[in-house]
Amino acid sequence: MRELSYEVLVSDGVPREIDLQLPNGDGIVSSPISSTLITGERDAVLVDPPLTHTQIAQVAEGLARSGKRLAFVYVTHGHPDHWFGTATLLERFGDADSVVYATEGTIRQMRSQLESKDKGFAKTFPGVPENTPVLAVPVPTEGFLLEGRVLRAVETGHTDTDDSSVLHVPSIGLVVAGDVVYNGVHLMMLEGGDGGLQAWLDGIDRLAALDPRHVVAGHKKADLPDDPKILDETRQYLRDAIRLLAGKPEPLEFFEEMSKLHGDRLNPGPLWYSALGLLA
Numbered sequence: 016m017r018e019l020s021y022e023v024l025v026s027d028g029v030p031r032e033i034d035l036q037l038p039n040g041d042g043i044v045s046s047p048i049s050s051t052l053i054t055g056e057r058d059a060v061l062v063d064p065p066l067t068h069t070q071i072a073q074v075a076e077g078l079a080r081s082g083k084r085l086a087f088v089y090v091t092h093g094h095p096d097h098w099f100g101t102a103t104l105l106e107r108f109g110d111a112d113s114v115v116y117a118t119e120g121t122i123r124q125m126r127s128q129l130e131s132k133d134k135g136f137a138k139t140f141p142g143v144p145e146n147t148p149v150l151a152v153p154v155p156t157e158g159f160l161l162e163g164r165v166l167r168a169v170e171t172g173h174t175d176t177d178d179s180s181v182l183h184v185p186s187i188g189l190v191v192a193g194d195v196v197y198n199g200v201h202l203m204m205l206e207g208g209d210g211g212l213q214a215w216l217d218g219i220d221r222l223a224a225l226d227p228r229h230v231v232a233g234h235k236k237a238d239l240p241d242d243p244k245i246l247d248e249t250r251q252y253l254r255d256a257i258r259l260l261a262g263k264p265e266p267l268e269f270f271e272e273m274s275k276l277h278g279d280r281l282n283p284g285p286l287w288y289s290a291l292g293l294l295a
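Going left to right, the sequence shown walks through residues 16 to 295 as the numbering used here numbers them.
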C-alpha cells in the first residue's frame, strides 16, 4: 500500500472592504490561507477550501496538477475563509460519492456564519461565491479512510474561534491544524476575550499530545516549513498577548508592543483589529 503524501496550497490574502486602516494608514488585508491536499494513488482529501474566487482558483490549480479525485473535504472550524470554496471545488473535482466532514460543533458554527453571510464575509471580502451551502456532515468518531489509511478529527475547543478541530493523519505524522496554530503570520485574537486566549493555549496542548512530525497552520508564510516548533511559537505569541493585555494598555500601545516582539510575522491587520476589539 502506497503511503499518503501531502501538499500545502497557500492562497494569497486579499484587500478587505472595511472602514478601518492600520495605524500607518495602510488598508487591511486578509492573511494567506493554507489549504492542505492529502493524496493517495487515486483519491485526495482537501482540508479547508479557501474563500474568494481568486483564492479558490489558486487551490484548483494544485488539485488539477495532482490528477486526483476529490473524495473528501474536511473543515477544521467555522470561519468562512476555511470553507466557503467547498461547493465550487467539489463541482469540478468531486463526484456523487464525495463527502464533506466536520465536527458537529464546527457544523453549528458554519450554519451560523452562513446566516450572517451578507452582513459579514460576503460584505467585506470581494469575490466570495454566491453558492456556499453547508455540505458538511459529522465526521465519524473513529475517523475515515483514505485508501486504507485512517484520518481522525481531534477537537481542540476554543482557539481563534469556538469549536475548533485539527485533522490527524497518524501514518505520516501529520496534523492539519487549522487556526489552532499560525506559522509566521500574526494571530487573529478578536474572539479571545473572557479567557479565550488561555483556552487557546489549552487547545494547543491537545494538538501537542498527538506528537506530530509535521504541523500545517491554517495561515502561514508559504516558504516556511511545517515544523512542530510552531506550537511553541504560537504559545509564546499568546502568552505575550495575555501578559500585555493584563496591563490594560491602549490599543495602539498593545499593537506596537506585539509588533516589536513578533515583527517577523506577516500581516499586522488581524493584530490591529484584535487590539481594537479586546481593548474596547
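Quick reminder that beta carbons are idealized off the backbone N, C-alpha and C, glycines included.
Discussion item. Just to confirm my understanding: we take Asp178, look at its own chain, exclude 5 residues before and 5 after, and list those with CB closer than 6 Å. What are they?
Written reply: Gly120, Thr121 and Gln124
Worksheet entry | Simplified DSSP assignment, three categories, for Leu161 | strand
Worksheet item: Does the separation of the CB atoms of Asp63 and Ala86 fall below 8 Å?
Response: no
Worksheet item: Got a sec: does the ligand HEM put a non-hydrogen atom nearer than 7 Å to the Cβ of Gly163?
Response: The model depicted lacks the ligand HEM and carries no ligand whatsoever.
Discussion item. Given a cut-off of 8 Å on the beta-carbon distance, is the pair Arg164 and Ser186 in contact?
Written reply: yes
Item to complete: Identify, in the order they occur along the chain, each residue of the same chain with its Cβ nearer than 7 Å to the Cβ of Pro283, setting aside the five sequence neighbours on each side.
Response: Leu37, His201 and Ser274
Fill in: Residue nearest to Leu150 in terms of C-alpha spacing, selected from Arg126, Asp255 and Val169
Arg126
Discussion item. Does Glu56 come out as helix, strand or coil in the three-state DSSP assignment?
Written reply: coil
Worksheet item: When we look at the beta-carbon of Ser289 and count the other beta-carbons within 10 Å, is it buried (16 or more) or exposed?
Response: buried
Worksheet item: CB Thr67 to CB Pro141, shorter than 8 Å?
Response: yes
Worksheet item: If we call anything under 8 Å between Cβ atoms a contact, is Val184 one with Val195?
Response: no
Fill in: Sheet register partners of Ile48 (DSSP bridge)
Ser26
Worksheet item: How far does the alpha helix (DSSP H) with Leu260 in it reach, from first residue to last?
Response: Lys244 to Ala261
Item to complete: Report buried or exposed for Ile33, applying the criterion of at least 16 other Cβ atoms within 10 angstroms of its Cβ.
Response: exposed
Practice prompt. Following the continuous alpha helix (DSSP H) through His1, name the residue where it begins and the one where it ends.
Written response: What is shown of the chain runs 16 to 295, which leaves residue 1 out entirely.
Worksheet item: Thinking C-beta only, is Tyr21 closer than 8 Å to Leu52?
Response: yes
Practice prompt. Assuming Val29 contacts Ser49 (C-beta within less than 8 Å), just tell me the rounded distance between them.
Written response: In fact, because the Cβ distance is near 15 Å, the residues do not count as touching under 8 Å.
Practice prompt. Would you tell me roughly how many angstroms separate the C-alpha atoms of Asp242 and Gln251, rounded to the nearest one?
Written response: 16 Å
Item to complete: Grab me the residues of Glu272's own chain with a C-beta within less than 6 Å of its C-beta, minus the 5 sequence neighbours each way, in chain order.
Response: Leu259
Practice prompt. Note down, in chain order, each residue of its chain lying with its Cβ closer than 6 Å to the Cβ of Arg228, except the 5 sequence neighbours on either side.
Written response: Gly188
Worksheet item: What residues in its chain sit with their C-beta under 8 Å from that of Val44, if we drop five residues either side in the sequence?
Response: Gly28, Val29, Pro30, Arg31, Asn282 and Gly284
Worksheet item: By a C-beta neighbour count over all protein chains shown, 10 Å radius and 16 as the cutoff for buried, is Asp46 buried or exposed?
Response: Asp is not the amino acid found at residue 46; the sequence shown has Ser there. Buried, since its Cβ has 16 or more Cβ neighbours within 10 Å.
Fill in: Integer Cβ distance of Trp215 from Leu253, believed to fall under 8 Å
6 Å
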